[in-house]
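Structure, as structure tokens:
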Amino acid sequence: MAILTEARSGSEWLGSLTNNTGRMGKSAEWLGVPDLGFLPASLDELLDAVIEKGATPNDRFAVKLFARHLRWAQELYGGDFLQALRKRHQVELIFLERRDRLRQAVSYARAIMTGRWKSNSVRTTGAESYDFAAIYRAYFYIERGYAFWHAYLRLMGLKHQHFFYEDLLADPKPFLDAMASLQGVAFEGDFKTELNIQRDGRTEEWMRRFQEEAQQSGLVLGLIDAPAPRTFENMRRFLKKEPLKGRIQVL
Numbered sequence: 001m002a003i004l005t006e007a008r009s010g011s012e013w014l015g016s017l018t019n020n021t022g023r024m025g026k027s028a029e030w031l032g033v034p035d036l037g038f039l040p041a042s043l044d045e046l047l048d049a050v051i052e053k054g055a056t057p058n059d060r061f062a063v064k065l066f067a068r069h070l071r072w073a074q075e076l077y078g079g080d081f082l083q084a085l086r087k088r089h090q091v092e093l094i095f096l097e098r099r100d101r102l103r104q105a106v107s108y109a110r111a112i113m114t115g116r117w118k119s120n121s122v123r124t125t126g127a128e129s130y131d132f133a134a135i136y137r138a139y140f141y142i143e144r145g146y147a148f149w150h151a152y153l154r155l156m157g158l159k160h161q162h163f164f165y166e167d168l169l170a171d172p173k174p175f176l177d178a179m180a181s182l183q184g185v186a187f188e189g190d191f192k193t194e195l196n197i198q199r200d201g202r203t204e205e206w207m208r209r210f211q212e213e214a215q216q217s218g219l220v221l222g223l224i225d226a227p228a229p230r231t232f233e234n235m236r237r238f239l240k241k242e243p244l245k246g247r248i249q250v251l
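Mapping of the sequence shown onto UniProt numbering: position 206 corresponds to residue 206, and the numbering continues sequentially without gaps.
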């Protein structure tokens, strides 16, 4: 099972619900050194490690994939991770999207600032401070990621189930039922999670400020931002989900 999505889409919350059953694989961002625990020497070794990490004792497997994960694997190993995985195994696909891109971008910018990617994680970096440019870059980064998945699924002709985060907030059962059905797993009982929704008044305040500034100043200036340099330091920061040194290209 592969969940195709982007950062701050609700995938952590939904993944915690299925992961806690112990029967639907262990969904996580396995394509990366922080979660995987080491840097595989080849694409085959990466496949082996990800499958092992994402498996539950009943031989079910799950992995969460962002567009940047496929780019990372392509740059390091010269291959399409998802295609290679599908050649080895029968892999069902779920595409998880979020309609409210601006709230998602604010959430992403805040997580980068604080290092808090989950509601139960400890702040690891600096304090939060409103930053128009950070939200701007996050917004277009997320849009590019979703556009990639739409194009990838369409061009590859891949069958998948499509969900929106907003439709699952009140009742995540459709997503959970799909995960169980696609994996041939029968599960009875309550789905449990240790996570809470992180949105608060600051999110709403930042959204309002961003929209006001965008109306006043426009958005085109962001197009001339220089890309972050491809240095070893930025690669390390990318793998650890830390802010890159230099500007991030958004288009």
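Glycine included, C-beta positions come from ideal geometry on N, C-alpha and C.
Assigned secondary structure, residue 128 (DSSP; H/G/I helix, E/B strand, else coil): For residue 128, the secondary structure class from DSSP, reduced to helix, strand or coil, is coil.
Roughly how many angstroms separate the alpha carbons of residue 29 and residue 3, rounded to a whole number? Cα to Cα, residue 29 sits roughly 10 angstroms from residue 3.
Residue 5 and residue 25 - do their beta-carbons sit closer together than 8 angstroms? Contact flag unset, no.
In this structure, how does DSSP classify residue 23 when only helix, strand and coil are distinguished? It is coil, neither helix nor strand.
Cβ neighbour criterion (16 or more within 10 Å) applied to residue 104: So residue 104 ends up on the buried side.
From residue 19 to residue 70, what distance separates their C-alpha atoms? So the alpha carbons of these two residues sit roughly 23 angstroms apart.
Answer with buried or exposed for residue 60, where buried requires no fewer than 16 other C-beta atoms within 10 angstroms of its C-beta. So residue 60 ends up on the buried side.
Do residue 264 and residue 113 have their C-beta atoms closer together than 8 angstroms? No statement about residue 264 is possible, as the shown extent of the chain runs from 1 to 251 and does not include it.
Which complete alpha helix (DSSP H) runs does the segment 35–71 hold, if anything under 4 residues is left out? Runs of the alpha helix (DSSP H) lying entirely within the segment 35–71 and spanning at least 4 residues, in chain order: 43–53.
Can you give, in chain order, each stretch of the alpha helix (DSSP H) that sits fully within the segment 157–188 and has at least 4 residues? Counting whole runs of 4 or more residues, the segment 157–188 contains the alpha helix (DSSP H) stretches 165–168 and 173–182.
Under a three-way DSSP split, which group does residue 109 fall into? If DSSP states are grouped into helix, strand and coil, residue 109 belongs with the helices.
Does DSSP classify residue 6 as helix, strand or coil? DSSP places residue 6 in coil when its eight states are reduced to three.
According to DSSP, what are the bridge partners of residue 95? Its beta-bridge partners are 4 and 162.
Three-way DSSP call (helix, strand, coil) for residue 90 in this model: Residue 90: coil per DSSP, three-state reduction.
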